[in-house]
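Engineer: In the UniProt record's numbering, the protein residues as written are 1 to 378.
Idealized CB from N, CA, C, for every residue including glycine.
On a predicted model such as this, the values are computed, not experimentally measured, just so you know.
After the structure tokens below, expect a handful of questions from me.
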Ligand SMILES: [Zn+2]
């Protein structure tokens with residue numbers, strides 16, 4: 001097993017070839033578990049995306065107690081690794097499958113990781129907060145979140161793809177910029193909310209990095225208080241005095257000032273600021289939780305539950321005996337049915353269809369109607 005701090009130069013040619021196949025030619029937080037061969041102990045885009053989604057789903061379950069079941073208690077989940085199966089069992093009942101939720105989350109995670117592989121996205125600095133394209137990066141990030149909201153009403157697959165792209169950029173910001181090195185302990189307050197201008201950005205003629213000839217470059221930022229990010233490769237080319245992304249795949253990092261500032265992994269061979277990887281990952285996780293919460297706010301709990309396939313039931317059926325002599329019981333059943341509907345309205349338990357099946361003596365049974373969404377009050 002490769003130790004976490006092993007420089008890439010310690011790897012033999014076969015291992016290097018394998019890593020080159022597994023890792024994208026551009027890098028960010030590593031995309032998924034397979035790329036952890038390069039730097040065990042690193043936190044991936046997939047980890048960040050899944051943990052953030054589970055956090056916000058727990059929040060949703062805490063705020064919307066399950067009808068007919070005891071409410072969830074936060075203390076039961078504190079200090080434990082959040083798992084979809086545990087969360088769904090606590091909310092919907094023991095053994096309730098979380099398979100559809102995990103599949104939806106897998107779509108988001110794969111779309112996130114694909115940003116580093118697809119020809120249309122992998123070399124675009126705006127989509128990775130590279131090359132000091134911070135304002136442009138935020139515009140694209142906010143646009144992808146907006147597209148997620150629009151698509152959520154029409155096409156969940158497309159919505160999950162746009163969400164994955166948005167989360168990728170958001171997470172990259174903490175790994176590719178110097179936000180962590182500036183001593184910030186919280187996510188950037190204006191990255192998801194575009195009304196405020198991004199301030200204190202380094203300009204093209206502000207030098208930001210000194211030369212670093214080692215794999216680790218803990219002191220190469222020039223004491224700047226301005227926000228900057230690393231240049232990667234040759235598009236665009238790195239201006240004099242600017243920081244590189246750094247690492248094995250970055251051609252720009254062999255041009256002065258050499259080295260780089262990325263915190264994508266725990267490996268010095270890929271990440272000159274590897275010592276700050278966990279801090280960058282922590283802020284990327286908090287920011288991803290903010291993004292999921294923002295989405296929940298914009299879509300409502302019902303829309304959010306549909307997007308992530310949290311909602312278990314696709315339809316809820318009421319079967320009523322409408323025989324004339326059953327008048328009183330019918331009225332009681334109507335009140336009960338209304339209560340059941342109200343309990344579920346706007347929550348993860350709300351079905352997409354309601355089915356009413358009346359029957360009466362001498363035993364015929366007619367499907368009276370299917371209503372999409374919540375039935376009216378009448
Ligand atoms: Zn990236």
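1. Among residues of its own chain, excluding the 5 on either side of residue 25, which ones have a beta-carbon nearer than 7 Å to its beta-carbon?
2. With distances taken between CB atoms, is the gap from residue 46 to residue 109 smaller than 8 Å?
3. Ligand 1 and residue 116: does any heavy atom of the ligand fall closer than 7 Å to the residue's C-beta?
4. Within 10 Å of its beta-carbon, does residue 73 have 16 or more other beta-carbons around it, so buried, or fewer, so exposed?
5. Give me the DSSP bridge partner(s) of residue 221.
6. Taking 7 Å as the cut-off, is the CB of residue 448 close to at least one heavy atom of ligand 1?
7. Of the residues 265, 65 and 154, which one's Cα is nearest the Cα of residue 278?
8. Which same chain residues end up closer than 8 Å to residue 237 when comparing Cβ atoms and leaving out the 5 residues on each side of it in sequence?
9. Report buried or exposed for residue 258, applying the criterion of at least 16 other Cβ atoms within 10 angstroms of its Cβ.
10. Considering only residues of the same chain and omitting the five flanking positions on each side of residue 104, which have a CB-CB separation below 7 Å?
11. Assign residue 125 to one of three DSSP states: helix, strand, or coil.
12. Can you tell me whether residue 356 is helix, strand or coil according to DSSP?
13. Comparing alpha-carbon positions, which option in 341, 349, 272 and 336 lies nearest residue 39?
14. Have a look at the DSSP bridge pairing and note the partners of residue 320.
15. Closer than 7 Å to a non-hydrogen atom of ligand 1 - does that hold for the CB of residue 128?
16. Leaving aside the five residues before and after residue 360 along the sequence, list all residues of the same chain whose C-beta is less than 7 Å from its C-beta, in chain order.
17. Within the present structure, is the beta-carbon of residue 339 separated from the nearest heavy atom of ligand 1 by less than 7 Å?
18. With H, G and I counted as helix, E and B as strand and the rest as coil, what does DSSP make of residue 271?
Structural biologist: This is what the structure holds:
1. Position 25 of the chain shown, counted from the first residue, corresponds to residue 25. Any reading at residue 25 must be qualified, since the residue scores a pLDDT of 48, below 50, and its modelled position is unreliable; no value is offered.
2. Indexing the chain shown from 1 puts residue 46 at position 46. Indexing the chain shown from 1 puts residue 109 at position 109. In contact: residue 46 and residue 109 (Cβ atoms closer than 8 Å).
3. On the chain shown, residue 116 is found 116 positions in, with the first residue counted as 1. Correct: residue 116 has its Cβ closer than 7 Å to ligand 1.
4. Against the chain shown, residue 73 aligns to sequence position 73. With fewer than 16 Cβ atoms within 10 Å of its Cβ, residue 73 is classed as exposed.
5. Here residue 221 refers to the residue found at position 221 when the chain shown is read from its first residue. Answer is 209.
6. Since the first residue of the chain shown is 1 and the last is 378, residue 448 is not available in this structure.
7. As a working note, residue 278 is residue 278 in the chain shown. Of the candidates 265, 65 and 154, the one whose C-alpha sits nearest the C-alpha of residue 278 is 265.
8. Here the question's residue 237 lines up with position 237 in the chain shown. So the qualifying residues of the chain are 231 and 252.
9. Along the chain shown, one-based indexing puts residue 258 at 258. It counts as buried.
10. Walking along the chain shown from the start, residue 104 turns up at place 104. These residues qualify, in order along the chain: 160, 308 and 309.
11. Your numbering for residue 125 matches position 125 in the chain shown. Note: residue 125 maps to helix in three-state DSSP.
12. Locating residue 356 in the chain shown gives position 356, where the first residue counts as 1. Residue 356: strand per DSSP, three-state reduction.
13. For the purposes of this step, residue 39 is taken as residue 39 along the chain shown, with counting starting at 1. It is 272 whose Cα lies nearest to the Cα of residue 39.
14. Position 320 of the chain shown, counted from the first residue, corresponds to residue 320. According to DSSP, which records beta bridges pairwise, residue 320 is partnered with 358.
15. If you number the chain shown from 1, residue 128 lands on position 128. Indeed, a heavy atom of ligand 1 lies less than 7 Å from the Cβ.
16. Here residue 360 corresponds to residue number 360 of the chain shown, with the count starting at 1. The answer, listed in chain order, is 321, 322 and 323.
17. On the chain shown, position 339 is the one that residue 339 refers to. Every heavy atom of ligand 1 is 7 Å or more from the Cβ of residue 339, so no.
18. As a first step, residue 271 is located in the chain shown; it is residue number 271 there, counting from the start. Residue state, collapsed to three classes: coil.
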